[in-house]
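So the sequence shown is residues 8 to 253, counted in my numbering. Here a beta-carbon is modelled for each residue, glycine too, at the ideal position from N, C-alpha and C. Report on one structure; see the data block that follows.
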Amino acid sequence: MGLFAKQKAEQQALSVPQHIAIIMDGNGRWAQKRGLPRTAGHAAGCETFRRISNYCREIGVKYFTVYAFSTENWKRSQEEVSAIMNLMEQYLREAIRDMQKNRVKICFFGDLSRLSPELRALAEDAVNQSHDFEIQANICLNYGGRDEIVRAARVFAQECADGKRKPEELTEELFSQNLYSAGVPDPDLIIRPSGEVRISNFLLWQSAYAEYYFTDVLWPDFDEAELLRAIESYHGRSRRFGGVKK
Ligand code: IPE
Ligand code: IPE
Ligand code: MG
């Protein structure tokens, strides 16, 4: 059986998680290993993102969330940051062009106010033109889990200060509605390539009961087979959510 046919068969045998999230890490090291500038790694990583997001759509993943740029990534050189932002612009132009073919709802998690007006306008267009589609891709851009929680707390505090809410009314459900992820079910599976075994401020609130999959593969080398391995591993887990499995 060819690799693709094998993957198809495997994919049919496994039901896919409803929500998969990926920390797209390892672009810099991928480039370094080849004697290329880090920016070349980001370009390669962007290709992988296109490929894996298409694949997720094909196999029926309903929600796909990717960590593209963190609130801490501004510490990097101006050259690297603008290369990443340029790749994002390029990707969004394509996504807008192919919107009717791909039919994916694009959402952003993160504070977009710090982005260039051009990138912000493209992000807004992509969101506005795709909001009726069912499959959802969430792009975490200038995203930090702690930042997200602080912002949600601020919204609630303001509502209390305005007399619209009382502190004792706050529940997990209500708090969740002020997060970027409002209305999106928690991730079932979070994948981190590149060999790092940490979450780096990704989906701190939402990952409470997520299953993690870590792999040494660098993001630009990540492929369909690796995704299927992650899904297979996920199926071997016993999710108890604090209860006891019968
Ligand atoms: C992930 O790859 C992309 C971003 C964080 C924007 P890195 O650039 O972090 O790659 P490494 O970890 O240096 O290899
Ligand atoms: C996490 O990767 C952020 C993204 C992939 C966008 P980092 O490379 O920034 O994380 P650390 O620095 O290794 O923790
Ligand atoms: Mg990294």
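Give me, in chain order, the residues of the same chain whose beta-carbon lies closer than 6 Å to that of Asp118; leave out the 5 immediate sequence neighbours on both sides. If you number the sequence shown from 1, residue 118 lands on position 111. Closer than 6 Å at Cβ, skipping near neighbours: Asn149.
Measuring only the C-alpha atoms, how far is Gly202 from Ser89? Here the question's residue 202 lines up with position 195 in the sequence shown. Here the question's residue 89 lines up with position 82 in the sequence shown. Using only the alpha carbons, I get a separation of about 26 Å.
Is the beta carbon of Phe56 less than 8 Å from the beta carbon of Met31? As a position in the sequence shown, residue 56 is number 49, starting the count at 1. As a position in the sequence shown, residue 31 is number 24, starting the count at 1. In contact: Phe56 and Met31 (Cβ atoms closer than 8 Å).
Going along the chain, which residues of its own chain have a beta-carbon closer than 6 Å to the beta-carbon of Leu196, five neighbours each way excluded? Position 189 of the sequence shown holds residue 196. Closer than 6 Å at the Cβ level, and outside the excluded window around Leu196, lie Pro24, Ile27, Glu218, Tyr241.
Hey, is Asp223 close to ligand 5, as in C-beta under 7 Å from one of its heavy atoms? The ligand content of the structure shown is limited to ligand 1, ligand 2 and ligand 3, which means ligand 5 is not among them.
Count the other C-beta atoms from every protein chain shown that fall within 10 angstroms of the C-beta of Glu65, then say buried if there are 16 or more, exposed otherwise. Here residue 65 refers to the residue found at position 58 when the sequence shown is read from its first residue. Exposed, because fewer than 16 other Cβ atoms sit within 10 Å of the Cβ of Glu65.
Taking its Cβ as the centre, do 16 or more other Cβ atoms sit within 10 Å of Pro227, making it buried, or is it exposed? The residue labelled residue 227 in the question sits at position 220 within the sequence shown. The residue is buried, with at least 16 neighbouring Cβ atoms inside 10 Å.
Note down, in chain order, each residue of its chain lying with its Cβ closer than 7 Å to the Cβ of Val224, except the 5 sequence neighbours on either side. Counted from its first residue, the sequence shown places residue 224 at position 217. Excluding positions up to five away in sequence, the list reads Pro200, Glu233.
So, under 8 Å CB-CB, Gly35 and Gly48 are touching, yes? Tell me the CB distance rounded to an integer number of Å. Within the sequence shown, residue 35 is the residue found at index 28, counting from 1. Within the sequence shown, residue 48 is the residue found at index 41, counting from 1. At roughly 5 Å, the Cβ-Cβ gap stays under 8 Å, so Gly35 and Gly48 are in contact.
Buried or exposed (CB count within 10 angstroms, at least 16 for buried), Gln213: Residue 213 sits at position 206 when you count from the first residue of the sequence shown. With 16 or more other Cβ atoms within 10 Å, it is buried.
Just how far apart, CA to CA, sit Phe182 and Gly190? In the sequence shown, counting from the first residue as 1, residue 182 sits at position 175. In the sequence shown, counting from the first residue as 1, residue 190 sits at position 183. When rounded, the distance between both Cα atoms is 12 Å.
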